[in-house]
Each structure stands twice: as C-alpha cells, then as structure tokens.
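Read the structure below first, then the notes.
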Amino acid sequence: MNDSRALRCLCFAVTLIMVLPGLLAAQNQPTRGTIDVPFDFYISGEKLPAGQYTLDRIVPTYVMLRSKDGKVQQDLYFFQTAAPVKNPPLKVIFALHDGKYYFAEVWSWYGKFQLTSFTPSASDQAKDVPLKAAE
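Quick note, the sequence shown lines up with residues 4 to 138 if you use this note's numbering.
What follows is the structure in structure tokens.
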C-alpha cells in the first residue's frame with residue numbers, strides 16, 4: 004500500500020471514530036416533539052397563530068411543523084449550528100424583532116439548528132418555548 008492510500012484510510016478511520024458516536028447517540032432520540040406557542044409568530048413572512056404544534060423530524064435538516072388542529076402545516080429547513088451534546092436544553096427559540104416573533108432555532112437531541120429562512124439581527128430579543136418529546 005502506498006503512503007497516500009494509507010493516509011486516506013487513516014483519515015477515513017479517524018473521521019468515523021469522531022462522527023459515529025454522535026450518530027449512534029442521535030438514533031436513540033425522539034424524532035417528534037411538541038411546542039405550545041403562547042403568541043402568534045412568523046415563518047418566511049407567513050403569520051402562524053399561537054397554539055400547540057408538532058415538529059416531525061424527517062431528516063436532520065428538514066422538519067414538518069403541524070398545528071394540533073391540523074389547519075397549519077409548514078416545511079422547515081435548517082442548518083446545524085452546534086453538534087449534539089448529552090442532556091441538551093430542549094427548546095425552540097423565537098426572535099422578537101419589531102414587535103413580531105419569528106421562528107429562529109431549534110435546540111434538540113440532535114444539536115442546535117437555525118432556520119434557513121431566518122436571518123438573525125443583533126437587536127433581536129430571544130424568547131424560548133420548551134420542546135417536549137412526543138410519540
């Protein structure tokens with residue numbers, strides 16, 4: 004085996020060793036959570052009413068948001084901002100901007116994720132809503 008091939012194999016093995024524990028731990032976590040939002044909020048300019056919502060994780064960066072009454076359904080796309088940790092705070096972060104709440108982030112069993120359609124501003128105030136595991 005030549006040196007470059009051995010180096011590639013070593014790099015691949017190190018990458019697996021670093022990534023595999025996080026992936027295995029995440030597989031045992033819930034893929035659905037619920038939030039009870041006490042205020043109206045916006046996603047991509049669309050106003051959603053206060054109420055109970057379910058977040059269904061389809062893939063790590065794609066989640067389906069549904070209202071309890073079934074009247075609201077919204078696709079959410081995220082990018083990961085922090086890796087999973089043991090016993091993370093479970094919450095959805097809303098940003099208060101110009102008197103309106105905007106869906107901004109999810110902190111879950113899979114890490115921290117920012118909504119791709121949301122651009123944070125330094126003047127935003129954060130409002131946390133607890134995320135609860137659901138079956």
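Each residue gets a CB set at the ideal place from its N, CA and C atoms; glycine is no exception.
Near residue i, which residues of its chain fall below 8 Å by C-beta distance, leaving aside the five closest residues on each side in sequence?
{"i": "Ala129", "result": "Ile96, Phe97, Ala98, Leu99 and Ala107"}
{"i": "Pro33", "result": "Trp112, Ala136, Ala137 and Glu138"}
{"i": "Tyr45", "result": "Leu51, Lys103, Tyr104, Tyr105 and Phe106"}
Alpha carbon to alpha carbon, how far is residue i from residue j?
{"i": "Ser120", "j": "Val40", "result": "19 Å"}
{"i": "Glu49", "j": "Asp43", "result": "10 Å"}
{"i": "Ser47", "j": "Ala85", "result": "23 Å"}
{"i": "Pro133", "j": "Ser124", "result": "22 Å"}
{"i": "Gly114", "j": "Val75", "result": "26 Å"}
{"i": "Met67", "j": "Leu79", "result": "6 Å"}
{"i": "Cys14", "j": "Pro63", "result": "Confidence at Cys14 is low in this model, with a pLDDT of 47, below 50, so its placement is unreliable and the value that follows should be read with caution. Between Cys14 and Pro63, the C-alpha separation is close to 24 Å."}
{"i": "Asn90", "j": "Leu58", "result": "19 Å"}
{"i": "Gly73", "j": "Leu118", "result": "22 Å"}
Count the other CB atoms, across all protein chains shown, that sit within 10 Å of the CB of residue i; report buried if there are 16 or more and exposed otherwise.
{"i": "Ser126", "result": "exposed"}
{"i": "Tyr65", "result": "exposed"}
{"i": "Ile61", "result": "exposed"}
{"i": "Gly102", "result": "exposed"}
{"i": "Tyr56", "result": "buried"}
{"i": "Val88", "result": "exposed"}
{"i": "Phe82", "result": "exposed"}
{"i": "Gly36", "result": "buried"}
With DSSP run on the structure shown, which of helix, strand or coil describes residue i?
{"i": "Pro133", "result": "strand"}
{"i": "Ala86", "result": "coil"}
{"i": "Ser124", "result": "coil"}
{"i": "Val113", "result": "The sequence given here has Tyr at residue 113, not Val. Note: Tyr113 maps to coil in three-state DSSP."}
{"i": "Gln32", "result": "coil"}
{"i": "Thr57", "result": "strand"}
{"i": "Glu49", "result": "strand"}
Going along the chain, which residues of its own chain have a beta-carbon closer than 7 Å to the beta-carbon of residue i, five neighbours each way excluded?
{"i": "Lys94", "result": "Trp110, Asp131, Val132, Pro133 and Leu134"}
If you drop the 5 nearest sequence neighbours on each side, which residues of the same chain put their C-beta closer than 6 Å to that of residue i?
{"i": "Gly54", "result": "Ser70"}
{"i": "Pro92", "result": "Trp110"}
{"i": "Ile38", "result": "Tyr56, Val95, Val132 and Leu134"}
{"i": "Phe116", "result": "Phe81, Gln83 and Val109"}
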